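Participant:
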Amino acid sequence: MPEGGAKVARPDSPVVRYVHRGDVITNRFCVIALGRTNGGPLYRKCGRDGYNWYIVAGGQVPVTCAQRVR
Numbered sequence: 003m004p005e006g007g008a009k010v011a012r013p014d015s016p017v018v019r020y021v022h023r024g025d026v027i028t029n030r031f032c033v034i035a036l037g038r039t040n041g042g043p044l045y046r047k048c049g050r051d052g053y054n055w056y057i058v059a060g061g062q063v064p065v066t067c068a069q070r071v072r
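Here our numbering is used: the first residue of the sequence shown is 3, the next is one more, and so on.
Right, dumping it as structure tokens:
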């Protein structure tokens, strides 16, 4: 969850809920928060570097850790 009104969570932001492999999270709009840095990647999660986060109920999930299903 973003702290202090930030638009995007940081890699060291507290984890308030876990999403487990195989969980299906639905969102009508499939909103993505764009993380921007001046240097390298914002985070390294699930074996890949990334910048963006899927917005889900109650928080955010790194795009590198999610698979979008149509």
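Built from N, CA and C at the ideal position, the CB exists for glycine as well.
All values derive from a computational prediction rather than experimental measurement.
Buried or exposed for P13, please, with buried defined as at least 16 other CB atoms from any protein chain shown within 10 angstroms of its CB.
Facilitator: The count along the sequence shown starts at 1 and reaches residue 13 at position 11. Burial call: exposed.
Participant: Apply the 10 Å Cβ neighbour rule to Q62 and answer buried if 16 or more other Cβ atoms are within range, or exposed otherwise.
Facilitator: Sequence index remark: in the sequence shown, residue 62 carries index 60 (1-based). By the 10 Å Cβ count, Q62 comes out buried.
Participant: Under 7 Å Cβ to Cβ from T66, same chain only, skipping five residues before and after it: list those, please.
Facilitator: Looking up residue 66 in the sequence shown gives position 64. Only K47, C48, R50, G52 meet the Cβ criterion.
Participant: So, helix, strand or coil for V33, using DSSP?
Facilitator: The count along the sequence shown starts at 1 and reaches residue 33 at position 31. V33 falls in the coil class under three-state DSSP.
Participant: By the 10 Å Cβ neighbour count, where 16 or more other Cβ atoms means buried, how is Y56 classified, buried or exposed?
Facilitator: Stepping through the sequence shown from its first residue, residue 56 is reached at position 54. Buried: at least 16 other Cβ atoms inside 10 Å.
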